[in-house]
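Engineer: Counting with UniProt numbering, you get residues 1 to 106 for the letters of the sequence shown.
Built from N, CA and C at the ideal position, the CB exists for glycine as well.
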Amino acid sequence: MNDPTEANALFSLCGEETGRAVPVMSVKGTTGHTLGAAGAIEAIVTALSVAGDCVPPTTGFSVPDPACPVNVVVEAKMNYPQKVALSNSLGFGGHNASLAISPYRA
Numbered sequence: 001m002n003d004p005t006e007a008n009a010l011f012s013l014c015g016e017e018t019g020r021a022v023p024v025m026s027v028k029g030t031t032g033h034t035l036g037a038a039g040a041i042e043a044i045v046t047a048l049s050v051a052g053d054c055v056p057p058t059t060g061f062s063v064p065d066p067a068c069p070v071n072v073v074v075e076a077k078m079n080y081p082q083k084v085a086l087s088n089s090l091g092f093g094g095h096n097a098s099l100a101i102s103p104y105r106a
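#1: How big is the Cα-Cα spacing for Thr38 and Thr31?
#2: Measuring CA to CA, which of Ile44, Asn96, Val63 is closest to Ser102?
#3: Closest to Glu17 by C-alpha separation, out of Ala100, Glu42, Asn71, Asn79, would be which residue?
#4: When the Cβ atoms of the region 44-62 are set against those of the region 86-104, are three or more pairs found closer than 8 Å?
#5: Within the same chain, show all residues whose beta-carbon is closer than 7 Å to that of Phe61, passing over the 5 residues directly before and after it, in chain order.
#6: Taking Phe92 as the reference, which of Asp65, Lys83, His33, Gly52 has the closest Cα?
#7: On the CB-based measure, 16 or more other CB atoms within 10 Å of its CB, does Val63 come out buried or exposed?
#8: Whole angstroms is fine: what's the gap from Tyr80's alpha carbon to Asp53's?
#9: Can you grab the Cα-Cα spacing for the pair Gly36 / Ala21, in whole Å?
#10: Buried or exposed for Ala7, going by 16 or more other Cβ atoms inside 10 Å?
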């Protein structure tokens, strides 16, 4: 239920064509569900991804959901220079937050 909702939010933000092309990843397959630390870990991984111009793979992803036609990064990191990345944290009870992270340019 959450994945189609997140995909639709991405399409609303970026448009459907861009939303289908933008690389998407999740760290939960690597870390497990860390409950209260999940948002902080996701934000750190997103910041490192932006700094390194890459998107890490989604561990444990095997079968795409036809209701979520997004570009999930699998198997290996994707080199992808980013102007901005979103770190979304969606919690139980409707606690939701999004961070937009962009590279620091001196």
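Structural biologist: Straight from the coordinates:
#1: Here residue 38 turns out to be Ala, not Thr, going by the sequence shown. Between Ala38 and Thr31, the C-alpha separation is close to 9 Å.
#2: Ile44
#3: Asn71
#4: yes
#5: Gly29, Val72, Val74
#6: His33
#7: exposed
#8: 5 Å
#9: 30 Å
#10: buried
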